[in-house]
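Mapping of the sequence shown onto the working numbering: residues 550 to 715, in sequence order.
No residue lacks a Cβ here, since even glycine has one placed at the ideal position from N, Cα and C.
Remember, it's a predicted structure, so these values are computed and weren't measured experimentally.
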Amino acid sequence: MTTLFPGDNRNRHLFLATGSTPEQARQQTLHFMNATRLIAYQSTGINDEEIQSGMSPDFWSGIEAGITANRAFCKSLMVELQETGLTGIEDLLTIPHGYPSKLLHILTHMLDGFIGIDSVFYNLAEDSHWLSAPLRATIQQNPENYWLVPLWHGPVTSSLLVKEKL
């Protein structure tokens, strides 16, 4: 089997979903995307053969790769914030409006669990870009109830969290 999502992450999100079947996980993912007002795409699709069970040998590496990509994005936002002159938490009270405050806004949304166009991994069970230790333990005990669902997408039609105008 090929690796899960080699290379470019720009046209997909990897969702951690729950359910007793891959179809339930698929439907949970589609319901979330249809209900969210944070992002919308011209088109979306899920290839059923790419959905992976918590028992799959690539399941954990898929999660870790997604979390690593999310952390790298957050780190890049932090570096950009530092380049604007923000060096410590006390600087938050005087952060200039505009691009620097927008960077901070996007970073806090990533940390707080709001999906955006730059989200690679998204945990539907916890509404998070990360995976808590308790949920990790639960998945390890009951892997048959957890799924990685890749959602491929077309062009963005709307997004509340974007650094520049679409």
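Item                                                                                            : Value
G665 - DSSP class collapsed to helix/strand/coil                                                : coil
Buried/exposed call for D667, threshold 16 Cβ in 10 Å                                           : buried
Contacting residues, own chain, Cβ-Cβ under 6 Å from G703 (five flanking each side not counted) : Y590, Q591 and S592
Where R561 falls: helix, strand or coil (DSSP)                                                  : strand
Delimiting residues of the alpha helix (DSSP H) encompassing A589                               : Premise fails: A589 lies in the beta strand (DSSP E), I588 to Y590, not in any alpha helix (DSSP H).
Member of S605, I616, D597 and I588 whose CA lies at the smallest distance from the CA of P699  : D597
Which of helix, strand or coil DSSP assigns to W609                                             : helix
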